[in-house]
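Peer 1: In this note's numbering, the protein residues as written are 364 to 562.
Note that beta-carbon positions come from the ideal geometry of N, C-alpha and C, so glycine has one too.
Mind looking over this structure? Questions follow.
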Amino acid sequence: MIAFLDGILEEKQPARVVVNVNGVGYEVFIPLSSYERLPGEGQRVRILTHDYMREDAHHLYGFATIEEKSLFELLMQTTGIGPKIALSILGGMSAREIRAAIASGDVKRLTSISGVGKKLAERMIVELKDKIGTAEAMEAEFGAEEPTPENMKARDAVLALIALGFTQENARRMVAQAAKGCDMAKATVEDILKQALRS
């Protein structure tokens, strides 16, 4: 499985990029949210990837952040959502807004995303709400009032661990433990996740 690509951004389009890694060009499909974060063509880039394999297809899907990748993989667990629809959803709203809409059961907000009808929005809420946890619980854990960068990173790390299959309780415990072993002000969400998975 290919977890990330580190190379030169040869081509950049809203839905796909080509990354040159040691002379090999990898075509990667991306959401619009990631496109906006990537550097210009000819620049060095590191893209997190999801390696999607089926009998009739082998595609790479890429993301600028761990939050986007984690949410993509979570969305793929919903009945009726494949990689193309998951990318479309990520392109229609920020990862945090999508999680909040699912956690609060906001069908109207989800159906504002192109390609998401009422039935699919309801299915997303039913199948993913428990994995994401309630918005109120997350805010209570990390502070609803003027969230600090450290709290936001901790919350995103918890959500990423939940997307990987950990329970909300275990994910919170792991992140709390990881916070003791790293400088939260300087650490990225990815650093926190690595520390959490080691502990």
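Just the Cα atoms here: how many angstroms apart are residue 421 and residue 414?
Peer 2: Position 58 of the sequence shown holds residue 421. Position 51 of the sequence shown holds residue 414. Roughly 8 Å between the two C-alpha positions.
Peer 1: What is the residue span of the beta strand (DSSP E) that residue 400 lies within?
Peer 2: Here residue 400 corresponds to residue number 37 of the sequence shown, with the count starting at 1. It is not in any beta strand (DSSP E) - residue 400 carries neither H nor E in the DSSP assignment.
Peer 1: Can you tell me the Cα-Cα spacing of residue 515 and residue 368, whole angstroms?
Peer 2: Position 152 of the sequence shown, counted from the start, is the residue given in the question as residue 515. Position 5 of the sequence shown, counted from the start, is the residue given in the question as residue 368. Their backbone Cα atoms lie some 26 Å apart in a straight line.
Peer 1: Just to confirm, are residue 448 and residue 468 a CB contact at a threshold of 8 Å?
Peer 2: Translated into the one-based positions of the sequence shown, residue 448 becomes position 85. Translated into the one-based positions of the sequence shown, residue 468 becomes position 105. For residue 448 and residue 468, no; Cβs fall outside 8 Å.
Peer 1: Using CA coordinates, which residue listed in 410, 373, 462 is at the minimum distance from residue 525?
Peer 2: The count along the sequence shown starts at 1 and reaches residue 525 at position 162. The residue with the shortest Cα to Cα distance from residue 525 is 462.
Peer 1: Taking the alpha-carbon of residue 544 as reference, which of 557, 446, 471 has the nearest alpha-carbon?
Peer 2: Along the sequence shown, read from residue 1 onward, the residue named residue 544 stands at position 181. Out of 557, 446, 471, 557 has the C-alpha closest to the C-alpha of residue 544.
Peer 1: Let me confirm a value: residue 431 is counted as buried when at least 16 other C-beta atoms fall within 10 Å, else exposed. Which label applies?
Peer 2: On the sequence shown, position 68 is the one that residue 431 refers to. So residue 431 counts as buried.
Peer 1: Kindly confirm or deny that the region 372 to 387 and the region 404 to 413 touch, where touching means at least three C-beta pairs closer than 8 Å.
Peer 2: These segments touch.
Peer 1: With DSSP run on the structure shown, which of helix, strand or coil describes residue 436?
Peer 2: Looking up residue 436 in the sequence shown gives position 73. Note: residue 436 maps to helix in three-state DSSP.
Peer 1: Roughly how many angstroms separate the alpha carbons of residue 366 and residue 389, rounded to a whole number?
Peer 2: The residue you call residue 366 lines up with position 3 of the sequence shown. The residue you call residue 389 lines up with position 26 of the sequence shown. Distance between the alpha carbons of residue 366 and residue 389: 13 Å.
Peer 1: Ends of the alpha helix (DSSP H) at residue 470?
Peer 2: Counted from its first residue, the sequence shown places residue 470 at position 107. Residues 470 to 474.
Peer 1: Would you call residue 535 buried or exposed, if buried means 16 or more other Cβ atoms sit within 10 Å of its Cβ?
Peer 2: In the sequence shown, counting from the first residue as 1, residue 535 sits at position 172. Residue 535 is buried by the Cβ-count criterion.
Peer 1: Taking residue 537 as part of the alpha helix (DSSP H), name the residues at either end of that continuous run.
Peer 2: Locating residue 537 in the sequence shown gives position 174, where the first residue counts as 1. That run of the alpha helix (DSSP H) goes 531 to 543.
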